[in-house]
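Reviewing the structure listed below.
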Amino acid sequence: MDPFENFFYFLEVEREYSKNTISAYKNDLRSFKEFLNGRDPLEVTKRDIFEFLMKLSKRRLKPTTLRRKISSVRSFYAFLLREGKIEKDPTVDISLPKKDKRLPEVLSLEEIEKILNAIPENSFRGKRDRAIVELLYSCGLRVSELTGLKVKDIDMKNGFLKCFGKGSKERIVPFGERAKDVLKKYLKEREKKGITSEYLFVSRKGERILRQFINAILNKYAKKARIRKKVHPHMLRHSFATHLLERGADLRSVQELLGHVDISTTQIYTHLTKERLREVYLSSHPLWRNENGNKKSHSNNS
Numbered sequence: 000m001d002p003f004e005n006f007f008y009f010l011e012v013e014r015e016y017s018k019n020t021i022s023a024y025k026n027d028l029r030s031f032k033e034f035l036n037g038r039d040p041l042e043v044t045k046r047d048i049f050e051f052l053m054k055l056s057k058r059r060l061k062p063t064t065l066r067r068k069i070s071s072v073r074s075f076y077a078f079l080l081r082e083g084k085i086e087k088d089p090t091v092d093i094s095l096p097k098k099d100k101r102l103p104e105v106l107s108l109e110e111i112e113k114i115l116n117a118i119p120e121n122s123f124r125g126k127r128d129r130a131i132v133e134l135l136y137s138c139g140l141r142v143s144e145l146t147g148l149k150v151k152d153i154d155m156k157n158g159f160l161k162c163f164g165k166g167s168k169e170r171i172v173p174f175g176e177r178a179k180d181v182l183k184k185y186l187k188e189r190e191k192k193g194i195t196s197e198y199l200f201v202s203r204k205g206e207r208i209l210r211q212f213i214n215a216i217l218n219k220y221a222k223k224a225r226i227r228k229k230v231h232p233h234m235l236r237h238s239f240a241t242h243l244l245e246r247g248a249d250l251r252s253v254q255e256l257l258g259h260v261d262i263s264t265t266q267i268y269t270h271l272t273k274e275r276l277r278e279v280y281l282s283s284h285p286l287w288r289n290e291n292g293n294k295k296s297h298s299n300n301s
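Here is the structure:
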């Protein structure tokens with residue numbers, strides 16, 4: 000079997016990665032396969048890897064994209080080494096580009112309410128779209144987790160849902176009364192339409208909705224609500240985590256709710272809340288302004 004196909008089979012069967020994750024690996028390794036141009040990946044040298052990196056750097060990719068592609072190639076060769084297909088890993092001395100330190104953009108509670116209020120609830124589509132946005136924010140779900148939800152995953156009585164995150168890891172997430180009410184309205188409308196799909200969120204024809212669709216509807220309602228930010232589904236997940244921490248939730252609980260394996264991934268939201276606290280301080284503290292009402296310089300001359 001082709002070494003690449005062997006690797007993808009390993010990710011699917013042994014690691015039990017989701018289809019979306021495997022698709023991402025395939026996409027990342029496609030550019031490496033194109034670079035090889037028919038050459039055997041088992042014969043690749045360290046020099047070849049550096050040449051590949053040079054080619055990638057000329058494409059002016061975002062640091063996050065570059066990190067992901069290099070990481071995928073490293074994972075591929077770590078697999079080949081473990082399987083005894085190669086004696087030396089040609090990527091062993093390859094370092095990843097530094098992480099982009101920009102903080103994720105979030106929506107304020109007011110902006111989220113504006114988006115929700117922009118969704119009319121007088122039709123099947125409206126009730127479904129309202130339920131989608133409510134769950135994205137109420138539960139901090141990834142889009143893939145939302146589109147993978149099945150009707151049986153919703154525990155309406157106790158206010159919990161079961162979703163499957165990265166690596167198909169099961170996670171139980173609570174949701175509030177408002178989300179429960181919106182879900183009930185949507186499920187009742189589904190029943191009226193005679194929809195029997197096992198998937199929770201479907202089209203009017205009963206077909207499972209795709210992740211691209213979620214992005215499109217969120218953009219539509221954000222524009223309707225006159226939100227100037229470029230709104231995307233993951234922004235609701237960022238907002239979910241940030242708002243919880245701002246209101247006193249502990250980091251470990253937020254980590255569990257988000258399904259993060261590493262708490263350092265969750266810690267970025269603590270930096271975000273600090274930035275927001277600083278903004279509030281700078282705009283509100285009486286001593287931040289000078290006698291003429293102008294903001295004081297915050298340069299440190301001591």
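For the sequence shown, the positions run 0 to 301 when numbering that gives the first Met the number 0 is used.
Quick reminder that beta carbons are idealized off the backbone N, C-alpha and C, glycines included.
Asked, Found
"To the nearest angstrom, how far is it from the Cα of N121 to the Cα of L199?", "19 Å"
"How would you label I213, buried or exposed, when you count the other beta carbons within 10 angstroms and need 16 or more for buried?", "buried"
"Is the CB-CB distance between L250 and G139 below 8 Å?", "no"
"On the DSSP bridge list, what partners appear for K161?", "I171"
"Nearest to H237 by CA position, among K184, P40, I171, L135, is which residue?", "L135"
"Can V43 and P2 be called in contact, C-beta distance under 8 Å?", "no"
"Could you compute how far the alpha carbon of Y16 sits from the alpha carbon of L10?", "6 Å"
"From what residue to what residue does the alpha helix (DSSP H) around A130 run?", "123-138"
"With a threshold of 16 other CB atoms inside 10 Å of the CB of R129, please say whether the residue is buried or exposed.", "buried"
"Of all Cβ atoms in chain D, is any one closer than 8 Å to the Cβ of G147?", "In the structure shown, chain D does not exist; there is a single protein chain."
"Could you tell me whether the Cβ atoms of F31 and F51 are closer together than 8 Å?", "yes"
"Quick one: Cα of E305 to Cα of M234, how far?", "This structure gives no information on residue 305, because the portion of the chain shown stretches from 0 to 301."
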